[in-house]
Ligand code: NAI
């Protein structure tokens, strides 16, 4: 199962980062999105990141050109005919993902592995949209992709050892650290992170401490680089609420009940950094 050519679907925040690290590792990468303008935006982010590396003396200008030459823009899913691995990083929506996987199953050669970068949707359910569930797997990269070392590799119910091994090897080639995880709500990362954030919101809601105090306790007392409320603002409060709902529904346990204050902020449109206001204000 050798992987040489990859397609990344979605040239957004995650997809462009994934395409960049794959191209830097020497893979030929089709970067696919719905429209040319989305591809242009993703490619310009990649170019900016690489230029910064060159300016800092961490990369030669010729190497940057080589990396850029590994990227092939694509607005047609038919290009997936050419690839050994697809990493899907389109929007977090089960309908969109199952439609993409169903199409990929028709288009790609029989050996092609189909991976999803989903942060919360069940891999097993995505796999069920294909006739090759044994070749479907989760590759959960962290944001920002070029910086963060971890990739959670999620085994769907039918994923074979051979496919798992190929993806683990490939992740190491990307200079990332793979961690093996079974397919349960929130995997490991969000199952632990989101209840912590939710508990921080409850602590604020119940008036136990101010938002600054809550963040200071976790930063200075637990050595977290960022307090949980600040982190929630960076992730997006809508995303935090969405993942808490998946945990609550998936486990059926009220310990995952989203805090009413989190719901209220989301209803108000206070989604964090991206809207200029969440727990804190952003200029
Ligand atoms: P984004 O909104 O920045 O990018 C999504 C891109 O997918 C957009 O450019 C959009 O045009 C494109 N797209 C949508 N439907 C498509 C289709 N049918 N075919 C091709 N392209 C399509 O979203 P982001 O943040 O990059 O998230 C992508 C995925 O990564 C989601 O599943 C998300 O849950 C997951 N994720 C996000 C993280 C984050 O911190 N933002 C962290 C880890 C995973």
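Residue numbers (this note's numbering): 15 to 297.
Beta carbons are placed, not taken as given, at the ideal position from N, Cα and C, and that holds for glycine.
It should be emphasised that the depicted structure is a prediction, and the values quoted were computed from it without experimental measurement.
Closer than 8 Å: residue i CB and nearest the ligand NAI heavy atom
i           : result
residue 155 : yes
residue 50  : no
residue 131 : yes
residue 105 : yes
residue 25  : yes
residue 110 : yes
residue 47  : yes
residue 255 : no
residue 232 : no
residue 71  : no
residue 121 : no
residue 29  : yes
residue 56  : yes
residue 90  : no
residue 114 : yes
residue 249 : yes
residue 42  : no
residue 134 : yes
Cross-strand partners of residue i (DSSP beta bridge)
i           : result
residue 194 : 167
residue 291 : 286, 295
residue 44  : 21, 86
residue 100 : 21, 128
residue 153 : 167
Residue span of the beta strand (DSSP E) that contains residue i, given as start and end
i           : result
residue 258 : Here residue 258 belongs to no beta strand (DSSP E); instead the alpha helix (DSSP H) covers 251 to 265.
Nonlocal neighbours in the same chain, by C-beta distance under 6 Å from residue i, ignoring five residues either side
i           : result
residue 181 : 151, 167
residue 59  : 30
residue 220 : none
residue 17  : 98, 99, 184
residue 246 : 211, 254
residue 187 : 39
residue 41  : 20
residue 193 : 166
residue 202 : 195
Residue range of the alpha helix (DSSP H) that includes residue i
i           : result
residue 182 : 175 to 187
residue 66  : 50 to 69
residue 218 : 203 to 219
residue 91  : Looking at the DSSP string, residue 91 is not in any alpha helix (DSSP H), and its letter there is neither H nor E.
residue 227 : 225 to 230
residue 110 : 108 to 121
residue 74  : From DSSP, residue 74 is part of no alpha helix (DSSP H); its letter is neither H nor E.
residue 138 : 137 to 141
residue 28  : 27 to 38
Own chain partners of residue i with C-beta closer than 7 Å, once the 5 adjacent residues on each side are dropped
i           : result
residue 117 : 91
residue 251 : 276, 279, 280, 284, 285, 286, 292
residue 141 : 147, 150, 170, 172
residue 248 : 286, 287
residue 223 : 217
Residues near residue i by beta carbon distance below 8 Å, same chain, minus five either side
i           : result
residue 265 : 199
residue 93  : 21, 44, 46, 86
residue 48  : 89
residue 110 : 104
residue 261 : 199, 200, 204, 205, 208, 209, 270
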